[in-house]
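A.B. asks: Quick note, the sequence shown lines up with residues 79 to 363 if you use the numbering used here.
Virtual Cβ for every residue (Gly too), placed ideally from N, Cα, C.
There's a structure below that I have some questions on.
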Amino acid sequence: FIGRTSLRAVEGIDQLNELCNLLTAKDFQARREGVVLLLDHCKSSPRFVSTNIFQIFDVFVLRLRDCNKKVNQQALEVLALMIPMLKDALQPVLFSLVSAVIDNLNSKHSGIYAAAVKALEAAIAHLDNRLMLEAFAHRVRFLSGQALLDVTEHLSVLVASLYPSKPQAVKHYALPILWFFLGNRALPVGSSNVRAVAAKLAKTLYQVMGLSLKDHAATQPQHVAKNLWNILAKNERPGTASPSGGRGLSEDVQLTVCASVCHRCQATRWPLYKSLVAAGAMTDT
C-alpha cells in the first residue's frame, strides 16, 4: 500500500512538472499544448488540479496575458470551460484569474475580447458572487475603456442579485465605487458611455436599498449627492406627475432629498435643495 501511494505521488509530481514546463515553454506551440493538457487534467483528474491549484495557476495565469494572441485566446477559452468543472476549487486563485481576464476586455482583437467576456460570464455563473463583487470592485477604479464599461455593468448585475442575501457586502464594495464615479469619473465630464453605466449602478443600488441610500449619500461631498439625485430624477419622465403630484422625482426620492437637506436645518444642504427646486426636480413647499 505504501509503495502504491509513493508511486502515485511520484506520478503526480511528474505530471505537474510536465504541465508547468509546457505552460512556461519558450515555443508558443508548446504553451498551447500545455493549455490543452490542463483542460484534459480538469476533465480526467480535477482532484489533481485542485490539489496543485497554486502551482498550476501561477503559471497558467501568465497565458491569459500571453504575448502570442493564439495562446492568449486559447487560454481564455479554456478557462471558460474549466470554471464549471473546478468551481469552488478556484477560490484561492480567483482574484488573480479575474484580474487577468479583465485586462483582456480592452483588447482590439475580437476573438480575445469575446473569449474574455465568456470567461467572466462563466465565473459569475459558477463562482462565489460575493468574491466576484469584491474582485470587480477592487479593479474598477484602475480601469478605462471597454473594460471599465463591462465591469461596471457586471457590478450592477451582482448588486441586484446579491443584496437580498448579502446586503453588507454590497454596501461595503459597491457604494465606494458609486461615490468614485459620481465624484471623479462619470459626471459631469466623463463620456456618455461611462455616465450610462454609472447611472445604471446608481439606479440599481437605489432599487435594492431604497431610502437607506440617503443615509450613505448624506455623508458624501455635496456635489456627489447632487449627482446622485440628478440621476434618480432622470428616472422619471420630464413633466409627468409623480405619485405625490410633484415633478421629476418620485415621492420617496423627494422624501430622501428633503431628509438630507432639511434635517435639523443643515445649512450646508440648503444650496443642494434649492438647486433641485430650481431645476424642477422638487416642489418648494
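Between Ala-200 and Ser-128, what straight-line distance do the alpha-carbon atoms span, to the nearest angstrom?
C.D. replies: About 18 Å.
A.B. asks: Between Lys-352 and the rest of its own chain, which residues show a CB-CB distance below 7 Å, the 5 nearest in sequence each way excluded?
C.D. replies: With a pLDDT of only 47 at Lys-352, under the threshold of 50, the placement of this residue in the model should not be trusted, and no figure is reported.
A.B. asks: DSSP three-state call for Gln-152: helix, strand or coil?
C.D. replies: Reduced to three states, the DSSP call for Gln-152 is helix.
A.B. asks: Could you have a look at Ser-188 and say whether DSSP puts it in helix, strand or coil?
C.D. replies: If DSSP states are grouped into helix, strand and coil, Ser-188 belongs with the helices.
A.B. asks: By Cβ distance, which residues of its chain are closer than 7 Å to Gln-344, with the 5 residues on each side in sequence left out?
C.D. replies: Residue confidence for Gln-344 is low, a pLDDT of 42 falling below 50, so the modelled location carries little weight; the figure read from the coordinates is stated next. Result list for Gln-344: empty, nothing under 7 Å.
A.B. asks: Distance check for Leu-256 and Thr-230, CA to CA, integer angstroms please.
C.D. replies: Cα-Cα distance, rounded: 10 Å.
A.B. asks: Are the beta-carbon atoms of Gln-169 and Asp-206 separated by less than 9 Å?
C.D. replies: It is a contact, given that the beta carbons lie within the stated cut-off.
A.B. asks: What span of residues does the alpha helix (DSSP H) with Pro-245 cover, start to end?
C.D. replies: Element bounds for Pro-245: 245-258.
A.B. asks: How many angstroms separate the CA atom of Asn-150 from the CA atom of Leu-157?
C.D. replies: Answer to the nearest angstrom: the Cα atoms are 11 Å apart.
A.B. asks: Check whether the Cβ atoms of Met-210 and Tyr-241 lie closer than 9 Å to each other.
C.D. replies: Cβ atoms of Met-210 and Tyr-241: not closer than 9 Å.
A.B. asks: Can you tell me which of Arg-143, Asp-293, Ser-270, Tyr-251 puts its alpha carbon nearest to the alpha carbon of Gly-223?
C.D. replies: Nearest C-alpha to Gly-223: Ser-270.
A.B. asks: Along the chain, which unbroken stretches of the beta strand (DSSP E) at least 3 residues long are found entirely within the region 155-222?
C.D. replies: Counting only runs of 3 or more, we get nothing.
A.B. asks: If you draw a straight line from the C-alpha of Met-160 to the C-alpha of Ala-103, how long is it?
C.D. replies: If you take the alpha carbons of Met-160 and Ala-103, they lie about 21 Å apart.
A.B. asks: Distance, Cα to Cα, Val-335 vs Gln-285?
C.D. replies: Note that Val-335 has pLDDT 41, beneath the 50 cutoff, so the model's placement of it is unreliable and no number is given.
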